[in-house]
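The opening position of the sequence shown corresponds to residue 1 in this note's numbering, with each subsequent residue numbered one higher.
Beta carbons: idealized from backbone N, C-alpha and C, even for Gly.
Predicted model, so just to flag it, every value in this text is computed and none were measured.
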Amino acid sequence: MTKTLTKSDRAVKVPQASSEDEVEPTEDGQEIAKAESPIEVVDAEIIEEKPRERLNQLEAQIERSKAEIWAAAYAIREEKLWQLDGYESFEAYCNARWGWKSTTSHENALAGQVMASLTGIPIEELPVSTSAMNELNKVPEPERVEVLEKAREAGGGKPTAKAIREATTAAQEDTDTRRGLDDYLGLAEFQYKEVNGEASANEILKFGETYSGDTLARNKIRGFFEWSGRQWVCTRGAALDGPFAGLEAIGIVPSANWNQPTHDYGNQPEGIRFTYCGQAVKHRRHDYVLTDEKLTLAIKPDRPSADISTAITEPQSPFDVGDVVVDDYRPFTPLVIAKASDTQACCWGYLDEMWISWDSLKPWPAEHGDPGISLEAIAQSRLEQLVQVLGASQVSRMTLNLCSKEGS
1 MTKTLTKSDR AVKVPQASSE DEVEPTEDGQ EIAKAESPIE VVDAEIIEEK PRERLNQLEA
61 QIERSKAEIW AAAYAIREEK LWQLDGYESF EAYCNARWGW KSTTSHENAL AGQVMASLTG
121 IPIEELPVST SAMNELNKVP EPERVEVLEK AREAGGGKPT AKAIREATTA AQEDTDTRRG
181 LDDYLGLAEF QYKEVNGEAS ANEILKFGET YSGDTLARNK IRGFFEWSGR QWVCTRGAAL
241 DGPFAGLEAI GIVPSANWNQ PTHDYGNQPE GIRFTYCGQA VKHRRHDYVL TDEKLTLAIK
301 PDRPSADIST AITEPQSPFD VGDVVVDDYR PFTPLVIAKA SDTQACCWGY LDEMWISWDS
361 LKPWPAEHGD PGISLEAIAQ SRLEQLVQVL GASQVSRMTL NLCSKEGS
């Protein structure tokens, strides 16, 4: 059997026996030559390992299979082919036929949808994970190829979700740097502009007028920065991270014209600002997007507001405890609302819980089918875990103690 040499191997060079070499008989009568020269160690020619080639082939096969699965899932969903076998929903079909959970079903179909928009890109250059495809889905379709190429260059190979996210941010920074100076309105240049009740991107809003939150959201004008339980549009640098800090202002009022304490980040805001952005901007704590509430700016640049607390109405919660929702960052992961504050909801999942702004939540889409989650189901799961860790008797005593405290 011939051994394949690798880079870590060395070769030995054994000299041929000449007629003048001394020969010795072996036990079976055969003669062998004794070479006078010592064995010489030389560098061997590097030969690629066949197992490595085999691994590369199998990995490529897996990648092609993933792409085919994504494309098939997308086609079955879009063409509603799951109805042919009498299933009530795409999710029910995927679960019964392939054993996929609802989240997996939608992730695969979404990956196929994104892949369909990347015509001309070889399969071997596509992301190999649904999380990376989900990040690419957030990029406007005309920009996906460019972002994908930058992610591949940065990652040195397959574009990961992190590489795509960073490439998206870098592309947005380039765009903002080019046009930021033209869009920015200095404090001394502040002006009014009539917009007839409809706020449009890159237009100056008229202060003192009321604009509905859905109008602002529809035009991608987003408000950030929460103060005293109310929604405020963001302030320069203080509440904005990333490429949008200090860029793309549509309207700004100096902080000298409105009375407010230093907010909890310890930085005095420069003013109230409207920003236009094509994607969500990450707040240091939360993402806020104006939706249904009315936004009233009763602030004038030439005089302080008499009562800043009435400038913007309190947001009303659109959900109740027990409602199943999704958030902007995980559109296919169901969460159930366990408790709420004026601006946030504590959302439970089977593996975690988190506080999320009302504005980032949406009802669980009916077309996704049964979410398979509820407060009762999660509580039951957590109780079973406690029993496994502490034992049934200990959990029973804890429960009785809690009930007695509640009763008293």
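{"Item": "Burial state of S102 (16 or more Cβ within 10 Å)", "Value": "buried"}
{"Item": "For D327, the residue or residues it bridges with in DSSP", "Value": "R330, L361"}
{"Item": "Own chain partners of L375 with C-beta closer than 6 Å, once the 5 adjacent residues on each side are dropped", "Value": "G322, V336"}
{"Item": "Minimum C-alpha distance to I76 - residue among K162, Q113, S341", "Value": "Q113"}
{"Item": "Buried versus exposed call for K80 [16 or more other C-beta atoms within 10 Å across all chains shown]", "Value": "exposed"}
{"Item": "Own chain partners of G391 with C-beta closer than 8 Å, once the 5 adjacent residues on each side are dropped", "Value": "none"}
{"Item": "Extent of the continuous beta strand (DSSP E) to which A345 belongs", "Value": "344-348"}
{"Item": "For L335: DSSP bridge partner residues", "Value": "V325"}
{"Item": "For D328 and H63, the rounded distance between their alpha carbons", "Value": "The residue you asked about is not His; residue 63 is Glu in the sequence shown. Distance between the alpha carbons of E63 and D328: 28 Å."}
{"Item": "Residues bridged to M354 (per DSSP)", "Value": "C347"}
{"Item": "Beta-carbon spacing of A151, P159 below 8 Å", "Value": "yes"}
{"Item": "Option in F319, L400, P122 with minimal Cα separation from S360", "Value": "F319"}
{"Item": "Straight-line gap, S89 to A132 (C-alpha atoms, nearest Å)", "Value": "26 Å"}
{"Item": "Contact check, E135 vs A161, beta carbons under 8 Å", "Value": "yes"}
{"Item": "Own chain residues within Cβ distance below 8 Å of I164, not counting five before or after", "Value": "P127, A132, E135, L136, V139, V147, L148, A151"}
{"Item": "Cut-off 6 Å between Cβ atoms - residues of its own chain near T104, not counting five sequence neighbours on either side", "Value": "none"}
{"Item": "Host alpha helix (DSSP H) of G391 (start-end)", "Value": "Note, G391: premise wrong, no alpha helix (DSSP H); not H, not E."}
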